[in-house]
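S.K.: I have a structure here, written as structure tokens, and I will follow up with some questions on it.
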Amino acid sequence: MPTVPLDFARPFAAMAGSTAVVTGAARGLGLEIARTLQSAAGMAILLVDRDAAELDRAVTELATAGTVAGVATSLSTDDCRAPIERALSELPPVSVWVNNAGRVSHQGAEDVDLDVFEEVFRDNTSSALRGSQLAYRAMRSHDRGGAIVNITSLVTEKALPQRLSYSTSKAGLENVTRACAQEWGPCGIRVNAVSPGYIETRLTQWAEDDPRAVAKQQTLSQLALRRAGSPEDIATTVLYLASPLAGYVTGQTVFVDGGWHLS
């Protein structure tokens, strides 16, 4: 795929008129990523999430600002392929795909349930690979290339207790990222990952005397920047990696963690 000429006054202009697919998009990081791709780049958006009710709310919100569609499904099984491909057939060509869907498991090495381990790997790694394969086929069908961004986690670099299944699955996703980047680069498809650290959400806003708030402050004291990140910090990094500004970047994992991995 030829290099896209950059207009530094409008760096995301080349993304307008194409579609971005975001999985795990009904709330939180996924929804913020979708908002950013829509507002900054003028992209059509396909939201994918297993929670149909939350998905409907997200679609209603974004529909006020542009073209948006939703598919209530999970990428953990092949049943997702037909409804996603059907939705994409009614949207502009896909140029961006963000694999954000996943789950957390709090089990340590001694007591990890192997069935849970396999479920977490399926939801965090296999589903992202399935999404990447769908993205590859969609991008190749239009011969335009594109960008795939996988959301991994700091736990691939920094061991945390009670995270064995989660950290293993996200480490696997980073290897999926590199393998796909190497194989699909000749087709003009770039594949990168974003590794969030401590991100502030409504679920992490506790009263000062709550033990979880105390633990939070202890964690933040380990960060070079001494503060939590925001969903916008992740979304703007995804926007950069998806855009022509990162046109020579592939196979990379970008840590957005305030320097936590340095501690």
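Here the numbering used here runs 16 ahead of the position in the sequence shown, where the first position is 1. Positions of the beta carbon are idealized from the N, C-alpha and C atoms, including for glycine.
1. Roughly how many whole angstroms lie between the Cα atoms of V84 and E199?
2. Just checking my contact of L104 with T35 at CB under 8 Å: how many whole Å lie between their CB atoms?
3. In this structure, how does DSSP classify P247 when only helix, strand and coil are distinguished?
4. Nearest by alpha-carbon distance to V110: which of N116, E101 and D129 is it?
5. Check whether the Cβ atoms of S185 and V270 sit closer than 8 Å, and answer yes or no.
6. Who does F271 pair with in a DSSP beta bridge?
7. Hey, G275 and L241: beta-carbon distance below 8 Å or not?
8. Hey, how far is the Cα of A262 from the Cα of Y256?
9. The beta strand (DSSP E) spanning T35 covers which residue range?
10. For D65, which three-state DSSP category applies?
11. Quick one: give me the first and last residue of the alpha helix (DSSP H) that V132 is part of.
M.R.: With the given structure in hand:
1. Position 68 of the sequence shown, counted from the start, is the residue given in the question as residue 84. Position 183 of the sequence shown, counted from the start, is the residue given in the question as residue 199. About 30 Å.
2. Here the question's residue 104 lines up with position 88 in the sequence shown. Here the question's residue 35 lines up with position 19 in the sequence shown. Rounded to the nearest angstrom, the Cβ distance from L104 to T35 is 7 Å, consistent with a contact under 8 Å.
3. The count along the sequence shown starts at 1 and reaches residue 247 at position 231. Under the three-state reduction of DSSP, P247 is assigned to helix.
4. Residue numbering aside, residue 110 sits at position 94 when the sequence shown is read from its first letter. Distances from the CA of V110 to each of N116, E101 and D129 were compared; the closest alpha carbon is that of E101.
5. Working through the sequence shown from its first residue, we reach residue 185 at position 169. Working through the sequence shown from its first residue, we reach residue 270 at position 254. At a Cβ-Cβ threshold of 8 Å, S185 and V270 do not count as neighbours.
6. Numbered from 1 along the sequence shown, position 255 holds the residue referred to as residue 271. As computed with DSSP, F271 is found in a beta bridge with S211.
7. To locate residue 275, count along the sequence shown from 1; it is residue 259. To locate residue 241, count along the sequence shown from 1; it is residue 225. Their beta carbons are under 8 Å apart, which means G275 touches L241 by this criterion.
8. Here residue 262 is taken as the residue at index 246 of the sequence shown, counted from 1. Here residue 256 is taken as the residue at index 240 of the sequence shown, counted from 1. In a straight line, the C-alpha of A262 is about 6 Å away from that of Y256.
9. Start at 1 with the first residue of the sequence shown, and residue 35 comes out as number 19. Unbroken beta strand (DSSP E) run through T35: T35 to T39.
10. In the sequence shown, counting from the first residue as 1, residue 65 sits at position 49. In the structure shown, D65 falls within a strand segment according to DSSP collapsed to helix, strand and coil.
11. Position 116 of the sequence shown, counting from 1, holds the residue named residue 132. Secondary structure note for V132: its alpha helix (DSSP H) is the uninterrupted segment L130 to F137.
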